[in-house]
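The block underneath contains the structure these notes are about, expressed in structure tokens.
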Amino acid sequence: MNILDKFHHWRRRRRWNKQYKSGRWKSLKSDIEADRYLKIKKDLRAFAPENPSILDIGCGDGVLNERLGDYPFSYSLGVDFSSESIKQAQEKNLPNSEFEHCDVLHFVPKRTFDAIVFNESFYYIPDTEKTRVLQFLLDHLSAEGVLIVSIFREGPGCWEYFKENPKLKELDFETIKTSKEMTYWKIGAYRKV
Ligand SMILES: C[S@@+](CC[C@H](N)C(=O)[O-])C[C@H]1O[C@@H](n2cnc3c(N)ncnc32)[C@H](O)[C@@H]1O
14 MNILDKFHHW RRRRRWNKQY KSGRWKSLKS DIEADRYLKI KKDLRAFAPE
64 NPSILDIGCG DGVLNERLGD YPFSYSLGVD FSSESIKQAQ EKNLPNSEFE
114 HCDVLHFVPK RTFDAIVFNE SFYYIPDTEK TRVLQFLLDH LSAEGVLIVS
164 IFREGPGCWE YFKENPKLKE LDFETIKTSK EMTYWKIGAY RKV
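Just so you know, our numbering puts 35 at position 22 of the sequence shown, and the rest follows in order with no gaps.
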């Protein structure tokens with residue numbers, strides 16, 4: 014990253030922290046958001062091995078984890094560069110789950126995972142780092158594992174990293190619509206080839 018990118022990245026992290034402190038992201042728990050979490054749960058059921066280990070990149074305060082509800086998983090690690098969101102996630106004491114304060118740009122997994130989820134977080138990775146970060150994380154996805162990506166609206170400049178990636182095969186791709194105008198998410202599930 015050049016110095017300007019580094020500055021924007023630093024400023025973005027500060028903004029996320031402030032917003033988690035102010036409670037702005039409590040909206041993620043609203044009903045209108047529920048279906049996109051449910052779709053991720055459905056993809057996990059359909060494509061992840063039984064009782065998977067899950068890596069949730071940009072996990073925020075752990076809403077996906079809460080929304081998994083009765084879905085059985087052996088372990089989940091949520092990673093986020095907002096210390097405030099991680100603190101809030103840790104306070105929930107969710108079963109089989111850990112949360113780590115770390116920038117995905119510097120995150121080094123200590124194990125492989127059966128599912129890796131970019132739930133509304135991939136577009137925040139600086140463009141110059143997207144390929145490297147994605148490849149590095151894919152090296153920590155088990156052969157039978159699934160990569161799940163959720164992106165708000167069209168996600169310009171994002172989907173090509175998955176759809177045009179010769180190392181990935183698309184298993185599913187769906188648009189999750191809501192009753193609110195211009196509020197929809199696209200969610201893709203991928204396996205390594
Ligand atoms: C829109 S929120 C989504 C939160 C959560 N995935 C959800 O959908 O409930 C985006 C999250 O990505 C995190 N994030 C953005 N860039 C990141 C980075 N470089 N490393 C780790 N987390 C990052 C933010 O702190 C924020 O919590």
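From the three backbone atoms N, C-alpha and C, an ideal C-beta is built for every residue, glycine too.
Please read these numbers as outputs of a predicted model, since none were measured by experiment.
Under three-state DSSP, which class holds Lys193?
In the structure shown, Lys193 sits in coil (DSSP, three-state: anything other than H, G, I, E or B).
For Val92, the first and last residue of its enclosing beta strand (DSSP E)
For Val92, the enclosing beta strand (DSSP E) stretches over residues Tyr88 to Asp93.
For Gly91 versus Asp69, is the C-beta spacing smaller than 7 Å?
Yes.
Alpha carbon to alpha carbon, what distance is there between Glu194 and Phe94?
Distance between the alpha carbons of Phe94 and Glu194 is about 30 Å.
Identified DSSP bridge partners for Trp198
Phe165 and Ile189, per the DSSP bridge assignment.
Three or more C-beta pairs below 8 Å linking the stretch 14-32 and the stretch 76-86:
Here the stretch 14-32 makes no contact with the stretch 76-86; the two share fewer than three CB pairs at distances below 8 Å.
Among Ser192, Glu187 and Thr191, which one has its Cα closest to the Cα of Gln201?
According to the sequence shown, residue 201 is Gly rather than Gln. Out of Ser192, Glu187 and Thr191, Glu187 has the C-alpha closest to the C-alpha of Gly201.
Nearest-angstrom Cβ-Cβ length linking Val130 and Ile45, presumed shorter than 8 Å:
In this structure Val130 does not touch Ile45 by the C-beta definition: roughly 20 Å separates them, more than the 8 Å allowed.
Could you check if Phe94 belongs to the surroundings of ligand 1, using beta carbon to heavy atom distance under 6 Å?
Under cutoff, so the answer is yes.
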